[in-house]
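**Q** Got a structure for you, written out below as structure tokens; questions coming shortly.
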Amino acid sequence: MTMVLFNFGHYLGLAAFAAALAVELVLFSRRVGGRTARLLAMADLVYGLAAALIIATGLLKVFAGDKPAVYYGHNMFFHIKLTLFVLIFLASIYPTTHFIRNRRAADSDVVEYPALVGKLLKVELVATALVPLLAVMMARGFGVGN
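Here it is in structure tokens:
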């Protein structure tokens with residue numbers, strides 16, 4: 702039952718992560734009103750909390766799960782997945798700083814974001830879409846060292 706909860710938490714985190722990113726992409730524009738800026742900050746908070754859930758449950762799966770940690774350590778796709786997650790994190794820093802900076806904007810305010818914010822959100826989306834593919838490949842035994 703423990704692994705069921707670990708896996709459920711991990712999948713729930715990924716779903717919330719992807720949903721929050723989708724909300725950010727839908728709301729994002731170079732120029733937004735104060736209300737939209739606050740909504741972007743809230744979506745980004747959910748995004749960060751979901752990332753924390755993914756990391757926490759992922760660590761539990763690796764170190765307290767059914768498979769020994771060495772299984773993951775020898776799996777090429779696990780390493781690619783972790784690298785991708787780190788790249789997503791790094792790509793999210795710049796947009797997050799802008800969303801946090803404008804989280805208290807008044808309704809009457811007009812907030813302008815750099816074009817790079819939108820580009821990085823799209824990079825995050827593409828990278829996030831690859832994570833489940835890598836997870837399925839791991840689950841099917843692909844990437845285990847020979």
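Taken in order, the sequence shown gives residues 702 to 847; the numbers are from the working numbering. Ideal Cβ placement from N, Cα and C applies to all residues, glycine included.
Just how far apart, CA to CA, sit Y748 and H799?
**A** Walking along the sequence shown from the start, residue 748 turns up at place 47. Walking along the sequence shown from the start, residue 799 turns up at place 98. If you take the alpha carbons of Y748 and H799, they lie about 14 Å apart.
**Q** For R731 and T737, what's the separation of their Cα atoms in angstroms?
**A** Working through the sequence shown from its first residue, we reach residue 731 at position 30. Working through the sequence shown from its first residue, we reach residue 737 at position 36. Answer to the nearest angstrom: the Cα atoms are 11 Å apart.
**Q** Tell me the rounded alpha-carbon separation between V705 and G766.
**A** Counted from its first residue, the sequence shown places residue 705 at position 4. Counted from its first residue, the sequence shown places residue 766 at position 65. The straight-line gap from Cα to Cα measures roughly 10 Å.
**Q** Tell me whether N776 sits in a helix, a strand or coil according to DSSP, three-state version.
**A** The residue given as residue 776 occupies position 75 in the sequence shown. Three-state DSSP puts N776 in a strand.
**Q** Buried or exposed: where does K782 fall if 16 or more other Cβ atoms within 10 Å of its Cβ makes it buried?
**A** Position 81 of the sequence shown, counted from the first residue, corresponds to residue 782. Buried is the call here.
**Q** Quick one: what's R739 bridged to in DSSP?
**A** Numbered from 1 along the sequence shown, position 38 holds the residue referred to as residue 739. Answer is none; R739 lacks a bridge partner.
**Q** Can you pull the DSSP bridge partners for V812?
**A** As a first step, residue 812 is located in the sequence shown; it is residue number 111 there, counting from the start. Answer by DSSP bridge pairing, in chain order: V733.
**Q** Quick one, which of V824, V727, L791, L741 has its alpha-carbon nearest A806's?
**A** Working through the sequence shown from its first residue, we reach residue 806 at position 105. Nearest of V824, V727, L791, L741 to A806, Cα basis: L741.
**Q** Are the CB atoms of F764 and A770 within a distance shorter than 7 Å?
**A** Within the sequence shown, numbered from 1, the residue matching residue 770 stands at position 69. Within the sequence shown, numbered from 1, the residue matching residue 764 stands at position 63. It is a contact, given that the beta carbons lie within the stated cut-off.
**Q** Using only the alpha-carbon positions, how far apart do D808 and A752 sit?
**A** Position 107 of the sequence shown, counted from the first residue, corresponds to residue 808. Position 51 of the sequence shown, counted from the first residue, corresponds to residue 752. Taking the straight line from one Cα to the other gives about 29 Å.
**Q** Leaving out five residues before and five after V733 in sequence, what residues of the same chain have Cβ atoms less than 6 Å from its Cβ?
**A** As a working mapping, residue 733 is identified with position 32 in the sequence shown. Hits under 6 Å: V812.
**Q** Is there contact between the stretch 814-827 and the stretch 788-797, where contact requires at least three CB pairs shorter than 8 Å?
**A** The answer is yes - the stretch 788-797 touches the stretch 814-827, with three or more Cβ pairs under 8 Å.
**Q** Using alpha carbons as the reference points, say which of L726, N803, V724, L788 lies closest to L831.
**A** Within the sequence shown, numbered from 1, the residue matching residue 831 stands at position 130. It is L788 whose Cα lies nearest to the Cα of L831.
**Q** Per DSSP, what are the beta-bridge partners of V845 in this structure?
**A** Residue numbering aside, residue 845 sits at position 144 when the sequence shown is read from its first letter. In the DSSP output, where bridge partners are listed per residue, V845 has N776.
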